[in-house]
Every structure is written in structure tokens, then in C-alpha cells.
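For reference, the structure discussed in these notes is given below.
Residue numbers (our numbering), protein chains in the order written: chain A, 5 to 235; chain B, 3 to 1082.
See the structure below:
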């Protein structure tokens, strides 16, 4: 099976050499294959978000290597990292992080526009996707006019619109109620099955973890459990 | 206590936000103080310069009569009764008078004439330079010192020796003291006619003099008592008196007796210097009145008839105060607009500071703080900042004042030593008041808005959309304004309701109607904003303001026939244009942003770049932050409107004046005046044109032709035989040598042939020997040049006169007062009036020709043409001699502003005046003084241009305010969007995409301000030019100063770029993972 993501001895130390030095990731090595849907769990401060950030190149590692498909993230320039995030990685945040001054459609269009799509093509794609996700009636609504569940679906649409190979979710259901969380997870599963997209989802919820193919647990910056396929 | 405690914490614990507010207040106070310091210093500076030039001359007695000697026969008739003594005798009497001695420190005597000075060696010449006789050992006038600071004593001079001032020496091209030991020639003439008063009509007799003088020294500008700095010649009084006597004796065999103070040893000025304790204007005025009474007793009742006694120093003080007050008013008017921009910045900064702590406010409200407490906390915080800002503002104001002084010194040529910074206690108190008021005014609305936060939504981080309609206050204000507007318009007799277009026939009613209509626009719009929609109401109000201002500029200004444009009218226009356009664009910013985004994407259509994402973020952010964006572009719109208006106006006035000059001169670019009469001017004209058929050495220019004319003094003509219906004008004489040249028709009304005896006039050839294109024009010209008599309405023959159109305005209708065949009357020197018959009404100056030129400057409205055979008979020429001959010429420069013309004039002066030149050797020295026609206008324009330059430099201070405002907005904008930036980076935005997004937003915002500023500024300049506020009225062309505009465009976009780049870079460099953790 093709490797989508491979981490080799990844270490991330904040404030290195100072009195307030924190080892956020301590020699993490793991592999995630294409088409997997993996939950990343652990207590607060265990390093889950940091792990996601180093994978996406949002923060540099202290040592080690990270391969997304063939690319070594740790060796990419700023430009190349931006291109990687733009073309291969989709991000979903706990607080949705939608731009309040853009409509649902425009928020979803944004990644396409920075890929160089024309407005018309981007709009058509975004509207189609939003309709598929049950937001056909909310296309022209601003974030403040949407419910939390709807906002997250818009945020998910934004991460899916470029059909990225890898989707990184930082507690994507953290602000949602159980029912909305279930809907979101169904959606993830759907795109995972249909498009063979790989998902790595940070979560506190055992329930969410149970809906994934595999659960990786970390604590104090180390992998304490790297579960095999649950189902 | 809670309020003070909280506000103290806010002040000191939010250094970065409050630093911005502090800076804003600092700038506002600096501006306020700078204006005061600047204008106080100005008053002092002008006063110092004026007094410096006065020297010890505190007051002066001068002769009212400038033509001084009379002959024996007439002397007894006009001498003050019982006083057949000379002024010097008066002087002795004055010196021994007890009242005079009570106030006067010294009395000095002078004999001063204006002479023509020729540098024989070079041929250069200056006219009307003071030739001043100073008694030996005179000290009251101030010492003359040379460049080595040695005193040049008058007592060292022998007859024929003089000292010459540095400025005059420079004008004669005699720099570096080479002139010392060199001879100059002075020449002049005066009239034996002593009395200009109608009671004593004595025929005048011209007395000319011509003397060689030897320059013994050059004195510098820095001495005291030089009324024209160093632009005069100083000689011993006794010798100057001798020059006069010699001149008289050479002219007349008879001895010349004195009159009104002149005689064997004449003087024409007594300079009064007060005692040291007469040192205030009140004391000076008292001393002046007391000594005037004493002089009257000594000289007799004729004192005020024959002498003029001026309270010089007090007059100058009052004049300086007047100038300083006017300047202060102007600085305040323009300063208020910059202050308006500064207020916009501070409001923006205060709003940003309070918005950034919305959540905090929500929490404080959630735990029980009232809205009043929140408002007061924020206002108290503002107060603290206001006080701190004021303290620094005094320093800023002093610095700004100093800059203004430098600019002023440069603009008006005032020495910096005469200008010192004046900071009074009052200014310091004012600065604190200004700081406090500014902080409270700018903090009030943001503080009230902050107190109104929706607690639940703010705590959840949701920003609710603003209401679609205005609140109750809009209803009340709208209702009041609407009712007020209706009453204003109904109660005002000259309102547009009653008079329609007639309501705008003069400036005063137009100004009132302008305001009344403004109220009528704003009132109902506010009601609409309450009942229907905020956007609709605001759009209508702002569009109304803009439309009304434009309507006034483009339409109403054409209707206004009388009065002059008041500063208030201009201010209202400016404010309504600025506020209107800002509100219009601000209210519809979403539309503008959409258009901008569409245009931008159109531009980037073919490119596969992330630019569309960047532009979407930039434009959408701009429209979502409508108030902030509006305040930001409003800043630039205000400052640029002001600067571009001033720039365009002054540029148009300077260079758009060309068509005024061309109309007046129609191609003449050289003007020559002669110090001595040239008997046969045609001969001189021919000599000149022959000589300059080959280009002059200095200029490289040829002279196409030269014509001679004679001007009169300004005079009065009468439209009725009984001497009523006066009209002012100037006569220009034409003789048979005054060849005319016109290819076009210049006669508007011509009916000579319809006159009773209507014999057609002969036609001839024009100046180039070609038959005239218009025989009638030429016929009239010939009639004039030959002093032909033509019949009046009664058939009696009277001399011909040509008039420009004479009209009167009656009931708004233009009525032509005189038509061909009508008569006008002019004063004769022998008393009575001479009737002239109007030969034709001139459509334009008959001496003009667009192709060949030749019209004298000013030969437009108010110039009447008569035959030169009337020169000696009309009072208009009293006191004038043929030395007033004027020659107008045209070079081949092709541009009246060409500097080569000045060099051609030097060539002409050398040709005419240089000792040993062929012309001077054969014909003698006539003292030909030349100047370019443009320089007549330039002197006036230069002053205006410098003044506007000063105002522009003053208003450019606004750019500092603008750049600061933009920078703060950009910085705060980036700081509060940290999380958003992190998210954009996570989505794949490159660093530079983030930078571009920030830059694009600010540049477009600046661009909106720029476009508003350029359009408003140019339209305003056009309006003011059209309003006829300028002396040239509508004749001045509107010229757009491309170079000035380019500078403003560069400054605006450059500052927007600068203000965006640093915060943009800061934003783009925040690690995305950190940015995502940011919670505001």
C-alpha cells in the first residue's frame, strides 16, 4: 500500500536551550497509508496539534524527517511548503476559521482561487460541493448567519474543494454537538471512501476515534499506542 | 473611583494601542499650536522687517506736491500766507518748539528725487531710483556701512561723489565693488508746475537734468533706515540741492524762487525720530497728534494742504497687524480642514483601540458594569491621553511652528534673524485645552459605541450585522433640519423659492441659498434613513451635497454677476464636496469594492496566479470594515483635496495667466520706457528694428518691430456734458507715426459712414505696407492718428475718440452706455471739459494683432484712444512729459515668458545707453529702460504664487497626519487579523500573498482618497477661478499641474505602500502555527 505520510524520528522542542524548554514531540515515527482515516488522540498538551502543524509545515521540526507522499516537508522552502498546503493538504480547524467577511461560497472558493482558478470555475465547483454537503440554501450566507454545524461543513468543504490527498483535522468536531459530530464523521468517511483521501484527525473523543480506521495515541510527545485498523 | 482606576490601567497596560492614540492627539495639538505659533511669529517677523527698513524714521513730513519749483510770477499767489520762508526755516522753528522737544529726539532733513541711473560703461539702466541728499554729519538716518563694516561718511563726499547701495549696484550689473571709482549718469526731469490743485492752473514747463556722478563706495543692506533696503544713491544734501538749481538755471534765465518749502536750499522731507520713552503705539500716536498741532501753528493753516505728515511706525504696526490677522485667518481656515483630517485619524485610532478590547468590555458588562461606566471609563482614559499628548504637543507645535517660519522666510524673503519663535503662556494653556477637547471629541463616539456592545454576542465572538436603519436621533435631527430648511427658505426674501435663478445673482444671496439648500438636502435624507434605509438616506444626502456643490461651481457661478466670493462660501463648498464625496463613497463602499475586485480580476484574467484569492481577501476585507476603510480614505481625500486645490489654483494663476497677458499685449513682449524724451520716436523705433534684424549678443533674439505710444495718468471721463456719470480710464495717444497693425476686425460697432456728414475716411497701408484686410478699421485708425474731427449728434465737428465697451448693469440687464456718434468729455488743463465724439466701440485692442502684435499691456477695458495732439491740453497728462514715452516691441521669442527676452532688453539698453555706442554718440542719452511685458505680471503673480506655496507647504503637514493614520490602521488591522493570516497560510497562501493582500487593501483605499482628492481639488480650483475671486476673473485658464499631481500621487501611493509594507511583512512573518493560536 502506498505511503501517504511518514514521520521518522520527529522531534520538536520549543525554547530549545532555555530554562522553559518544552519537548513537544519526542522522536515520533509513524506511517499512514493512502486512504486511511486515522484518529490522533491524547490528553491536552500531549503534542497532537504540534504534530499536525509540523506535518503541514506550519511550524518547523527540531529534527527528524516528514514525508508527505514523496516530499520531505522538513526540506521544503517556504514557497514549496505553501504550494504543498495549497495543492496536497486540506486543513480543518476546531473553530472553523472561516473568514467572516466572505460568504460560504467565497470561503470555499478561496483555495481554488489561490490555485489560479477563474472566478466562474471556482464558484461552480464551490456551489456544487456545498450543495452536496447539504448547504445549497446557505451558499450566499455569511458565517455569522450559519449554525456551528453548518459553519464546520463549510470549513470542511473548503478543505475538500481542492481534493487534497491528505486532510488534517484539528479537533474538527470539538465545537459540535454529538449529532453534528456524527454527520461530520459520515462526511469524512464518504470522501475517504469515494476519493481515497487520507485523513488524520485530532480528537479528544473516543467516539470519534472509534469511527476511524486507526487510533494513534500520544502522550508527553511520544506515541504510546499506534493501533492497527480498528475495523 | 472604579472609572479612574480602570482607565488608569487601560492607559498604562495597553501601551501599543494607546501609543497610537497618544500620537494622534500629539499631532492634533501640534497642528493647533503650530498655527498659533506660526501666526504670532509672522506678525512679529513682518513687523520687525518693516521697522528695520524704517530705521530711525518714526514719522515724516513730506511735501504733498511732487513738482516743486515755480517761477517768480506765480510764486506769490500760492505761498502760504505770511510765510515766505523755506522749509529749512521751518525746521529751525520746529527744532526750537517746546512741544516738539517734549517728544522728538531728532529731526532730520532730506531732499530726495527719483532718478534714472545709467551705468555708462555697460549701458545698463535703472529708473525711479531714489537720489537722496543727506546733510553732512547726519546721524538720525542711520549709518551707511560697507562690506568691511566701515562707516561711509557723507561728509567725506565732494560734489559729484556718491555712495550707492548694494542692491542698486547689483541691478546695474556692477557686482564685486567694481563700480567703485566708476562714473554713472543720473538723469531725470521735473516740472515747473507747482500746484496740482484746480485753483492754480499754471502751465507746466519741463526741466531736465543730466549729471555724471562718481561712485565712492557701496553700502550694504544691513544698515538702518533704508526704506528700500540699499536701493538708493546717497549724496551730500548741499550738492543734491545744487543739481536742482543747476537744472533750473540751465532751463531758465530767470531766477527761480521758492514755494511751499522749496527754494534756494530746498528739502522735501523732514524725518521725525521720537525720544526713547515714546515707545508704544499709544505714546507714538499721542506724540504724533501733539507735534502735528505744533507744526500747524508754525506753518499755518496750509500745513495739511501742502504737507503730508505720516505716523509711519504706527501705520506700519497697524498694517502688519492687518496682514498677520488675515494670514492667521487663512491659516485657521486651511488648518481647520487639516484638523478635520487629524480628527478622522484619531477617531479611527480610538475606534480601533476600543474594538480590540470588545471582548473585555463584554466581560466587564457581564459582571455588572453599566453603559455609563464603560463610556466614562473610556473617556477618562482619553482624557489622560489628551493631557499627556498635549504636553508633547507643545514641543511638536514649536517644531511645526519653526518649520512654518523657515518656509515663510523662504517664501517671503524675510531674514531668519527677524523671525524668532514666540511661545506665550496663552499658547501653552491653549494646547492643554486643545488636547483635552480633541481627546474627548474623538473619544466620545467610539466610547459610546463600545458601551453598546451586545454582551452575549461579543463573548461568543460574533459580530452582529449593523442595523439597516438609523435610530431615533436621526428622526429628531432630520425633522428639525427639515422644518428649519423649510422656514429658512420661506422666510428668506431672496430664497430660490421666491426668486428662482435670480436668487443667485450675487455672492451674498448665493452663499445663503447654498446653506439653505444644503439643510434641505440633509434633513429629509435623515428622515429617510430612519424610516426606510440608512444606506438610501446617506446616499441621497451625500449625493445631494456633491451635486449641489458641483451645480454651484458649474452653473451658479455663471449666474452670479455682482459681489465677490467670500471665504465662507468657498469653505462651505469645500466641506460639502469633501464630506459629500467621502460619505457617498463610504456608504457605497461595497459597490466600489466589488467594481475594484472585478476590474482587478479582469486584469488578472489570463494569469494563472493566486492573485484572485489575494484580491478577494483584500477587497472583501475592505468592504467589511466599511467605517475603518472610509475613515482611512477620507483622510487622504481631505488632505489631497486641499493640496491639489491649492496647487492647481496657484499653478493656473501663474501659468494660466498667459492668455490674460496675450489679450492685453497681443504679442508684445518687450516694453521700453525712456528717461528723457525722444523727439522722433519713429526714428528710434527704426534704429532699433534695423539693429536687431541680426540677433542681439546676449539674447540671440531678433526684434520684429517697435512702436511708440504715450500713456496718460489714470483719469476720469464724463459721459454727460455737465460732468456727471464718471468713468475711470487711461488715455493712450496715437499719432500719425503710430502705424496700426491688425489682420482681424477690431471694431465692434462702426457707423461713421452713417453720420450726418459721413465722408469715408481714407484707407492706407498697414505697418508692413500691405493694404488692410478691413478698410473700416483702418479708416478709423487713420482718423484717430490724424486727429480728425467728426460730427457729434448735433452735427458739430469734434475730435474723435475710440472707446472700449462701456456698460452698466441695470436690473440685471447689461446696458451699453455709449455708441458711435455719442459724445464723452475730458478735463482740460485750462479748465472746463472737451467734447470728443466716439468714432467706434472697440471689440478688442486695435493695436493688437494675433500675428504681429503691438498692443500695450493693459490696453483693454478702460483704455481710451485719443490723438497725441491732445497730450498737452488734457489734465490726464498733467505732470507727465514726453519722457513717459512708451515703446512696445515684439521679439521673435514666441513665448512671453522666455528668459531670452530679459537678455534682449539688456541688449537694447546697451545699444541705447552705453557710453560710446553709435546711437548714444549720435543722438545722446535718453535713458532707455526696458523690461519684459511678462515681468509686469510676474511680479504680482510671483507674490501670489509664493503665498500659495506657503499655504501648500502648510497644508502638506496633513500628509504626516495621513501617513501616520494609515500606518496605525494597517498595523492594527494586521494585528487583529493574526488568526486569519495563520488560517490563510494553512490554506496555502504564501508569505507574499499575505503581504500583497494587506498592501492591496491599503493601496486601493489610498487610491480612492487620491481619486476623490484629485477630482475635488481640480473642480474646486476651477470653481474658484470661475467665481472671479482672482483679479483676472474668468480669463485665467485652468491648468492642471501634472508635475504637482504626480508628486501627490507618488506621495499618496508611496505612503500607502510604506504604511502597508511594514505591517504586511510583520503579518506575513508570523509563524502560521502561532497565528492560529491567536485569540484576539
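Just so it is clear, CB atoms sit at the ideal spot from N, CA and C, and this is done for glycine as well.
query, result
"So, using beta-carbon positions, are residue 827/B and residue 720/B closer together than 8 Å?", "yes"
"Under 7 Å between beta-carbons, which chain C residues line up against residue 105/A? List them in chain order, please.", "As a matter of chain content, chain C is missing from the structure shown, whose protein chains are A and B."
"Report the three-state DSSP secondary structure of residue 369/B (helix, strand or coil).", "coil"
"Identify the continuous beta strand (DSSP E) that holds residue 30/A and give its terminal residues.", "26 to 37"
"Just by C-beta distance, which residues in the segment 58 to 70 of chain A are closer than 8 Å to chain B?", "60, 62, 63"
"Assign residue 832/B to buried or exposed, taking buried as 16 or more other Cβ atoms, counted over all protein chains shown, within 10 Å of its Cβ.", "exposed"
"Quick check on DSSP: helix, strand or coil for residue 1071/B?", "coil"
"How long is the line joining the alpha carbons of residue 945/B and residue 412/B, rounded to whole angstroms?", "12 Å"
"What whole-angstrom Cβ distance do residue 1074/B and residue 987/B have, given they're in contact under 8 Å?", "4 Å"
"Could you tell me if residue 500/B is buried or exposed, where buried requires 16 or more neighbouring beta carbons within 10 angstroms of its beta carbon?", "exposed"
"Quick check: what's the CA-CA separation for residue 765/B versus residue 841/B?", "For residue 765/B, the pLDDT reaches just 37, beneath the cut-off of 50, and the residue's location in the model is therefore unreliable, although a value from the coordinates is still provided. For residue 765/B and residue 841/B, the distance between alpha carbons rounds to 15 Å."
"Output yes or no for whether 8 Å exceeds the beta carbon distance between residue 968/B and residue 1070/B.", "no"
"What residues in the segment 186 to 214 of chain A bring their beta carbon closer than 9 Å to a beta carbon of chain B?", "none"
"For the segment 579 to 598 of chain B, list every residue whose C-beta sits within 7 Å of some C-beta in chain A, in sequence order.", "none"
"On a CA-only basis, which of 118/B, 34/B, 958/B is nearest residue 396/B? Give me that one, please.", "34/B"
"Is the beta carbon of residue 572/B less than 8 Å from the beta carbon of residue 639/B?", "no"
"Please return the same chain residues whose Cβ sits closer than 6 Å to the Cβ of residue 22/B, not counting the five positions on each side in sequence.", "351, 970"
"Is there a C-beta anywhere in chain A that falls below 8 Å from the one on residue 988/B?", "yes"
"What are the boundary residues of the alpha helix (DSSP H) that residue 222/A is part of?", "No alpha helix (DSSP H) contains residue 222/A, which is instead part of the beta strand (DSSP E) from 218 to 223."
"Is it the case that the Cβ atoms of residue 236/B and residue 93/B are separated by a distance below 8 Å?", "no"
"Please report the straight-line C-alpha distance between residue 207/B and residue 874/B, rounded to a whole angstrom.", "Any reading at residue 207/B must be qualified, since the residue scores a pLDDT of 49, below 50, and its modelled position is unreliable; no value is offered."
"May I have a chain-ordered list of the alpha helix (DSSP H) segments no shorter than 4 residues that lie completely inside the segment 92 to 160 of chain B?", "100 to 105"
"To which residues of the same chain is residue 347/B closer than 7 Å at the C-beta, ignoring the five residues directly before and after it?", "26, 637, 963, 966, 967"
"When you compare only the Cα positions, how much space is there between residue 92/A and residue 116/A?", "12 Å"
"Please confirm whether residue 169/A and residue 201/A have their CB atoms less than 8 Å apart.", "yes"
"Hey, out of 531/B, 133/B, 649/B, 730/B, whose CA is closest to residue 476/B's CA?", "531/B"
"Could you tell me the distance, in whole angstroms, from the CA atom of residue 164/B to the CA atom of residue 152/B?", "16 Å"
"Short of 8 Å in beta carbon distance, which residues of its chain neighbour residue 548/B, apart from the five on each side in sequence? Order them along the chain.", "578, 579, 582, 583, 586"
"Assign residue 686/B to buried or exposed, taking buried as 16 or more other Cβ atoms, counted over all protein chains shown, within 10 Å of its Cβ.", "buried"
"Does the CB of residue 1043/B have a neighbour CB from chain A at under 8 Å?", "no"
"Since residue 227/A meets chain B, which of its residues come closer than 9 Å, beta carbon to beta carbon?", "In chain order: nothing, as chain B lies at least about 20 Å away."
"Should residue 993/B be flagged as near chain A, meaning a C-beta pair shorter than 8 Å?", "yes"
"In the DSSP assignment, what are the bridge partners of residue 220/B?", "166/B"
"Leaving out five residues before and five after residue 1001/B in sequence, what residues of the same chain have Cβ atoms less than 7 Å from its Cβ?", "1059, 1062, 1063, 1066"
"According to DSSP, is residue 5/A helix, strand or coil?", "coil"
"Going by DSSP, what residues sit across from residue 448/B in a beta bridge?", "Bridge partners of residue 448/B: none, in fact."
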